[in-house]
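With positions in the sequence shown counted from 1, the corresponding number in my numbering is that position plus 448. Every residue gets a Cβ at the ideal spot worked out from N, C-alpha and C, and that includes glycine. In this text, all values refer to a predicted model and were calculated from it rather than measured experimentally. What follows is a set of notes on a single structure, which appears directly below.
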Amino acid sequence: MTQKAIIPANYRMLISEESIQNRLKEIGAQIAAEFKGKHPILVGVLNGGVIVLADLIRYIDIDLEVDFIRISSYGDEKESSGHIKILKPLSADIKGRAVIIVEDIVDSGLSIQFLRNMLEAYGPSELKFATLLNKPSKNRVDLSIDYIGFDIDDKYVVGYGLDDKQFKRNLRSIYACE
Ligand code: IMP
Numbered sequence: 449m450t451q452k453a454i455i456p457a458n459y460r461m462l463i464s465e466e467s468i469q470n471r472l473k474e475i476g477a478q479i480a481a482e483f484k485g486k487h488p489i490l491v492g493v494l495n496g497g498v499i500v501l502a503d504l505i506r507y508i509d510i511d512l513e514v515d516f517i518r519i520s521s522y523g524d525e526k527e528s529s530g531h532i533k534i535l536k537p538l539s540a541d542i543k544g545r546a547v548i549i550v551e552d553i554v555d556s557g558l559s560i561q562f563l564r565n566m567l568e569a570y571g572p573s574e575l576k577f578a579t580l581l582n583k584p585s586k587n588r589v590d591l592s593i594d595y596i597g598f599d600i601d602d603k604y605v606v607g608y609g610l611d612d613k614q615f616k617r618n619l620r621s622i623y624a625c626e
């Protein structure tokens with residue numbers, strides 16, 4: 449099934465559906481090996497992280513829980529304002545639990561720095577970060593991201609959960625807007 453009807457002419461495919469799935473399979477196997485017996489909670493960061501989380505958990509063959517958190521910083525802009533708010537808090541009690549935060553993309557890194565500082569205060573036994581994409585040249589804070597799908601250049605990318613003014617999240621591959 450082609451998605452041509454909803455791919456504008458200025459989009460260029462950067463990472464194919466197949467490459468995304470292959471990389472998630474590898475990360476899933478790595479998480480399964482590292483978290484065996486720990487019953488981790490995987491937390492998807494809404495909205496973009498929902499598709500990564502949905503696919504990633506099905507490549508992790510150990511018992512796990514799922515939760516979601518929603519924060520805001522960008523609105524419909526393409527650069528972080530640096531002011532981050534919690535729009536939906538966690539539902540799970542993460543005290544003493546192994547937690548893996550699942551992001552679609554790390555750009556400035558301010559979102560994951562905010563999440564790390566906030567969630568550490570709840571006393572998880574481990575707090576790890578996974579992201580499908582990372583833009584190393586844009587990182588403004590010293591980050592330690594535990595699982596990275598792909599490092600990419602400084603381009604605005606869409607598809608696979610990532611939006612273009614709230615649209616295009618349903619594209620199965622990732623595209624750079626030219
Ligand atoms: P950070 O706080 O600057 O690291 O931004 C992380 C968030 O910004 C991501 O979860 C996305 O929602 C959004 N974002 C950053 N870069 C892009 C992009 O290239 N396309 C779509 N969303 C992006």
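Give the range of the alpha helix (DSSP H) segment to which residue i is assigned.
i    : result
V504 : It is worth fixing the name first, because residue 504 is Leu in this sequence and not Val. Taken as a continuous stretch (DSSP letters only), the alpha helix (DSSP H) holding L504 covers 497–505.
Does DSSP classify residue i as helix, strand or coil?
i    : result
F562 : helix
N668 : Nothing about residue 668 can be read from this structure; the chain reaches only from 449 to 626.
S592 : coil
L619 : coil
I468 : helix
Going by DSSP, what residue range makes up the beta strand (DSSP E) through residue i?
i    : result
E551 : 546–554
K533 : 533–536
E574 : 574–582
Y623 : 622–625
So, at 8 angstroms on beta carbons, what are the nonlocal neighbours of residue i in its own chain, with the 5 sequence-adjacent residues on each side left out?
i    : result
R588 : S556, G557, L558
N458 : C625, E626
K484 : I510
N565 : none
Name the one or two DSSP bridge partners that residue i has.
i    : result
G492 : F516, V550
F483 : According to DSSP, which records beta bridges pairwise, F483 is partnered with nothing at all.
E474 : Partner(s): none; E474 has no beta bridge.
I463 : I622
Whose C-beta lies closer than 7 angstroms to the C-beta of residue i among residues of the same chain, with five residues either side of it excluded?
i    : result
G497 : V550, E551, D552, G609
S573 : G544, R545, A546
I505 : L490, L512, V514
By Cβ distance below 6 angstroms, which residues in the same chain neighbour residue i in space, the five residues on each side in sequence not counted?
i    : result
R620 : E465
I571 : This sequence places Gly at residue 571; Ile is not what is there. The residues are K543.
K638 : Since the displayed the chain opens at 449 and closes at 626, residue 638 lies outside it and no answer follows.
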